[in-house]
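Asks: Residue numbers (our numbering), protein chains in the order written: chain H, -13 to 428; chain U, -19 to 270.
Here a beta-carbon is modelled for each residue, glycine too, at the ideal position from N, C-alpha and C.
1. With 7 Å as the C-beta to C-beta threshold (strictly closer), list the residues of the stretch 23 to 36 of chain H near chain U in chain order.
2. Under the three-state reduction of DSSP, which class applies to residue 94 (chain U): helix, strand or coil?
3. Evaluate the contact criterion for the stretch 173 to 193 of chain U versus the stretch 57 to 68 of chain U: three or more CB pairs, one atom per stretch, below 8 Å.
4. Looking at the strands, I want to know which residues DSSP matches up with residue 157 (chain U).
5. Under 8 Å, CB to CB, which of the residues in the stretch 218 to 240 of chain H have a partner in chain U?
6. Short check: CB of residue 221 (chain U) to CB of residue 202 (chain U), under 8 Å?
7. Residue 143 (chain U) versus chain H: which residues are under 8 Å apart at the beta carbon?
8. May I have a chain-ordered list of the alpha helix (DSSP H) segments no shorter than 4 residues that lie completely inside the stretch 67 to 150 of chain U?
9. Quick one: does residue 105 (chain H) have its CB under 8 Å from some CB of chain U?
10. Can you tell me whether residue 17 (chain H) is buried or exposed? The criterion is at least 16 other CB atoms within 10 Å of its CB, across all chains shown.
11. Going by other Cβ atoms of all chains shown within 10 Å of its Cβ, with 16 needed for buried, is residue 12 (chain U) buried or exposed?
12. What residues match up with residue 59 (chain U) in a beta bridge as DSSP calls it?
13. Return the first residue and the last residue of the beta strand (DSSP E) that residue 264 (chain H) is part of.
14. Output yes or no for whether 8 Å exceeds the beta carbon distance between residue 228 (chain H) and residue 256 (chain U).
15. If you draw a straight line from the alpha carbon of residue 242 (chain H) to that of residue 220 (chain H), how long is it in whole angstroms?
16. Using a Cβ-Cβ distance under 8 Å, would residue 265 (chain U) count as near chain H?
17. Identify which residue in H:114, H:121, H:64, H:81 has its Cα closest to the Cα of residue 92 (chain H).
18. Against residue 243 (chain U), what residues of chain H qualify as contacts under a CB-to-CB distance less than 9 Å, listed in chain order?
19. How would you list, in chain order, the residues of chain H whose beta-carbon sits under 9 Å from the beta-carbon of residue 260 (chain U)?
20. Could you check whether the Cβ of residue 243 (chain H) sits closer than 8 Å to any Cβ belonging to chain U?
21. For a test of the three-state rule: what should DSSP assign to residue 397 (chain H), helix, strand or coil?
22. Tell me which residues of the stretch 174 to 191 of chain H have at least one Cβ-Cβ distance to chain C shorter than 9 Å, keeping chain order.
23. Pair every Cβ in the stretch 319 to 328 of chain H with every Cβ in the stretch 387 to 397 of chain H, then say whether three or more of these pairs are closer than 8 Å.
24. So if DSSP puts residue 196 (chain U) in a beta bridge, which residue, or which two residues, is it bridged to?
25. For the stretch 60 to 136 of chain H, which segments carrying the alpha helix (DSSP H) assignment without a break, of at least 4 residues, lie completely within its bounds, in sequence order?
26. Tell me whether the beta-carbon of residue 113 (chain H) lies closer than 8 Å to the beta-carbon of residue 197 (chain H).
27. Any beta carbon of chain H sitting closer than 8 Å to that of residue 167 (chain U)?
28. Between the beta-carbon of residue 171 (chain U) and the beta-carbon of residue 157 (chain U), is there less than 8 Å?
29. Going by DSSP in three states, residue 49 (chain H) sits in which element: helix, strand or coil?
30. In angstroms with no decimal places, state the Cα-to-Cα distance between residue 282 (chain H) and residue 115 (chain H).
31. Among H:255, H:153, H:337, H:27, whose alpha-carbon lies nearest the alpha-carbon of residue 373 (chain H)?
32. What does residue 66 (chain H) touch in chain U if you count any residue whose Cβ is under 9 Å from its own?
33. On the three-pair Cβ rule with 8 Å, is the stretch 208 to 223 of chain H touching the stretch 21 to 36 of chain H?
34. List the DSSP bridge partners of residue 362 (chain H).
35. Hey, is residue 369 (chain H)'s beta-carbon within less than 8 Å of any beta-carbon in chain U?
36. If we cut at 8 Å on Cβ distances, does residue 246 (chain U) have a partner in chain H?
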């Protein structure tokens, strides 16, 4: 499966000429014929969806940049002008705005899929690490982009997040001023944020090329999680095209339907109404919240009573993903064969959703009912503050305690010798969502 | 067996959609905060995926805005020509372009716009044209704030998008002026409104039940019969509130109805496309055990 033999044969004279100078057609053709494990389920289609998301964001973003004015006096009105006076501008803007949310929905599913099937384990560590880098860049890009419409949440979100840098001891203050281009968030900040927001997507695109290169080299993982030996390649893999282009294509269209529901019918449902109030440095919104996809990290930030500690925890919550391949002690890749770990994984997903919920609530607000229990250190036990702390603790425990320990102590289920074996004997729980069934053979 | 396969496939697709939809619903808490008293529904015609604006209502709403709201509130993002965009209050199927719409030209002419003499540069006032923006009632934000107890009345251009609840909220707020609850300590220059955001706890006596709503600087702007409608509609406060809320909802996103109509076509196309792709997928994978 890894770096397969090229089967491309240049036919025309032009192709032959090009192939000895720049084998770009061969590169594409090899990708199309890439042997791909035939048991990939629908969860594996999100890579293609993400590629499309990036293209959509860059295409709409370039057009928006033609009309947008990065000036604190005009930014808000210029975004509205795009939606009122530019041909199709309302669609372009709403596609870009909701596209960010769609991008994150897809990336979270993609990452959880990698986590579940152990796609980060040898020999695929580099695919995973580059993927984490892309995720980090996505967060940065999304944050920078959210500032550009210069609404209340744009301004105050930028205020809160850049202030985090100021929490770093000694160098924090000067770095903060350097980043903002002045003592406060102002025109200089907006200008550089616009510049960086335009730059980073291309860095992401570059990382995506590396991501694909690493994938091409190490080969696709699959739901069974075993490496496909060379001699089984013919039996267990299918060429990427047409088998997976058509399968990915189908899911992409279903995904576009969800995308369309938001863009056409509820374009502002995922955003905050306050961002349609022009930025006003003199009026703080009653409740500053980031976009939904940042909420779990925002919750972790607020869970720590110390500001700098919160910043460290927030960055650690993303940073831990980079070292994931070395925290997992299990030799078994797929959690299909790790029942104990699977339970912890499901708890992890639920925990992450609760963290996101907590990020949107006021820390002092009660979780259940309207009653007080008792003050634990600095807050009532029945408050989002403490729920956030418990869920934050589980988030880190999952990576630093559960992952290393379970890998050493669990007894995994029998792993099939080939990926064809479970197809013939029926799947298990996770395969409810996977296209593996014995009947299909006939 | 084929039926069984199809059911399985359908289940998988549904599971996928559910997973994606579930995740997107997880986004909702961000919006729930600070909406303790949900606004009353205005029962608007433009709600839902098929809803469209009632042009008569938009025209009435524009009149309420022009005669009542516009004396304090700006609508800086609106041009007169926008009123004649397809779906807008004064759209006329005979018009050559929105800018040449006769109603809009007449409406624009009613206002005076500060400009300069193109030859001498001397400041002057001229009649408005359809290309002009709605005039701002105040020369600058400081003047607006000074005339209104220190806080400028908010611009109404995107008001329906800038408040949770949209048009329903605007309608509720305009009809939400009520007698001051017993015991509430009023702040000078403020009015009580059942739907205004805020927390009245500090202004109530200890232990008393806290009423919904908050303080609002704007005094109740509407009274029955305040605007003379050009159709037979009775200009009650409720009716005027509803009409102006509909107008502001339109102005906040003038292309929303066209977008929904495009969206229907897009969804139908994608649905058929998905079906065809799914059939191709089944055919290509036929006979492959996987």
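Replies: Reading from the atomic positions:
1. Along the stretch 23 to 36 of chain H, going in chain order, the ones with a CB nearer than 7 Å to a CB of chain U are 24, 25, 28.
2. The residue labelled residue 94 (chain U) in the question sits at position 114 within the second chain. In the three-state reduction of the DSSP assignment, residue 94 (chain U) falls in the strand class, which pools E and B.
3. The stretch 173 to 193 of chain U vs the stretch 57 to 68 of chain U: no contact.
4. The sequence position of residue 157 (chain U) within the second chain is 177, counting from 1. Partner(s): U:173.
5. So the list reads 224, 228, 229, 232, 233, 235, 236, 237, 239, 240, given in the order they occur along the chain.
6. The residue given as residue 221 (chain U) occupies position 241 in the second chain. The residue given as residue 202 (chain U) occupies position 222 in the second chain. Yes, Cβ-Cβ distance for residue 221 (chain U) and residue 202 (chain U) is below 8 Å.
7. Here residue 143 (chain U) refers to the residue found at position 163 when the second chain is read from its first residue. Close partners of residue 143 (chain U) in chain H (Cβ separation under 8 Å): 259.
8. Along the length of the stretch 67 to 150 of chain U, whole alpha helix (DSSP H) runs at least 4 residues long occupy 82 to 89, 121 to 126, 139 to 142, reported in chain order.
9. Mapped onto the first chain, residue 105 (chain H) falls at position 119. It does not; no Cβ of chain U falls within 8 Å.
10. Taking the first residue of the first chain as position 1, residue 17 (chain H) is located at position 31. Classified as exposed, residue 17 (chain H) has fewer than 16 neighbouring CB atoms from the shown chains inside 10 Å of its CB.
11. Looking up residue 12 (chain U) in the second chain gives position 32. Summary for residue 12 (chain U): the model assigns pLDDT 41, below 50, so the residue's position carries little reliability, and this model does not support an answer.
12. Mapped onto the second chain, residue 59 (chain U) falls at position 79. According to DSSP, which records beta bridges pairwise, residue 59 (chain U) is partnered with U:113.
13. Locating residue 264 (chain H) in the first chain gives position 278, where the first residue counts as 1. Here residue 264 (chain H) belongs to no beta strand (DSSP E), and DSSP marks it neither H nor E.
14. Numbered from its first residue, the first chain carries residue 228 (chain H) at position 242. Numbered from its first residue, the second chain carries residue 256 (chain U) at position 276. No, the Cβ-Cβ distance between residue 228 (chain H) and residue 256 (chain U) is not below 8 Å.
15. To locate residue 242 (chain H), count along the first chain from 1; it is residue 256. To locate residue 220 (chain H), count along the first chain from 1; it is residue 234. Taking C-alpha positions only, residue 242 (chain H) is separated from residue 220 (chain H) by approximately 34 Å.
16. Reading the second chain from its first residue, position 285 is the one you call residue 265 (chain U). Residue 265 (chain U) counts as touching chain H.
17. One-based indexing of the first chain puts residue 92 (chain H) at position 106. Selection H:114, H:121, H:64, H:81 evaluated against residue 92 (chain H) yields H:121 as nearest (Cα-Cα).
18. In the second chain, residue 243 (chain U) corresponds to position 263, counting from 1. Ordered by position in chain H, the residues that pass the 9 Å Cβ test against residue 243 (chain U) are 246, 247, 249, 250, 251.
19. Numbered from 1 along the second chain, position 280 holds the residue referred to as residue 260 (chain U). Residue 260 (chain U) reaches chain H at 228, 232, 235, 236, counting residues in chain order whose Cβ is nearer than 9 Å.
20. Counting from one through the first chain, the residue named residue 243 (chain H) turns up at place 257. With 8 Å as the cut-off, residue 243 (chain H) counts as an interface residue toward chain U.
21. Within the first chain, the letter at position 411 stands for residue 397 (chain H). Note: residue 397 (chain H) maps to coil in three-state DSSP.
22. Absent here is chain C; the protein component of the structure consists of chains H and U.
23. Here the stretch 319 to 328 of chain H lies against the stretch 387 to 397 of chain H, with 3 or more beta-carbon pairs under 8 Å apart.
24. Within the second chain, the letter at position 216 stands for residue 196 (chain U). Residue 196 (chain U) is bridged to U:171.
25. Whole alpha helix (DSSP H) segments, 4+ residues: 61 to 71, 75 to 102, 111 to 133.
26. Along the first chain, one-based indexing puts residue 113 (chain H) at 127. Along the first chain, one-based indexing puts residue 197 (chain H) at 211. Yes, the Cβ-Cβ distance between residue 113 (chain H) and residue 197 (chain H) is below 8 Å.
27. As a working mapping, residue 167 (chain U) is identified with position 187 in the second chain. The beta-carbon of residue 167 (chain U) is placed no less than 8 Å from the nearest beta-carbon of chain H.
28. Looking up residue 171 (chain U) in the second chain gives position 191. Looking up residue 157 (chain U) in the second chain gives position 177. Between residue 171 (chain U) and residue 157 (chain U), the CB-CB gap stays under 8 Å.
29. As a first step, residue 49 (chain H) is located in the first chain; it is residue number 63 there, counting from the start. Helix, per DSSP.
30. For the purposes of this step, residue 282 (chain H) is taken as residue 296 along the first chain, with counting starting at 1. For the purposes of this step, residue 115 (chain H) is taken as residue 129 along the first chain, with counting starting at 1. When only Cα atoms are considered, residue 282 (chain H) and residue 115 (chain H) end up about 21 Å apart.
31. For this step, residue 373 (chain H) is matched to residue 387 along the first chain. Nearest option by C-alpha distance: H:337.
32. Counting from one through the first chain, the residue named residue 66 (chain H) turns up at place 80. Result: 57, 137, 138.
33. Contact between the stretch 208 to 223 of chain H and the stretch 21 to 36 of chain H is present, because at least three Cβ pairs lie under 8 Å.
34. In the first chain, the residue the question calls residue 362 (chain H) occupies position 376. Looking at the DSSP assignment, residue 362 (chain H) forms a beta bridge with H:365.
35. Counting from one through the first chain, the residue named residue 369 (chain H) turns up at place 383. No, because no Cβ of chain U sits closer than 8 Å to the Cβ of residue 369 (chain H).
36. Taking the first residue of the second chain as 1, we reach residue 246 (chain U) at position 266. Closer than 8 Å: yes.
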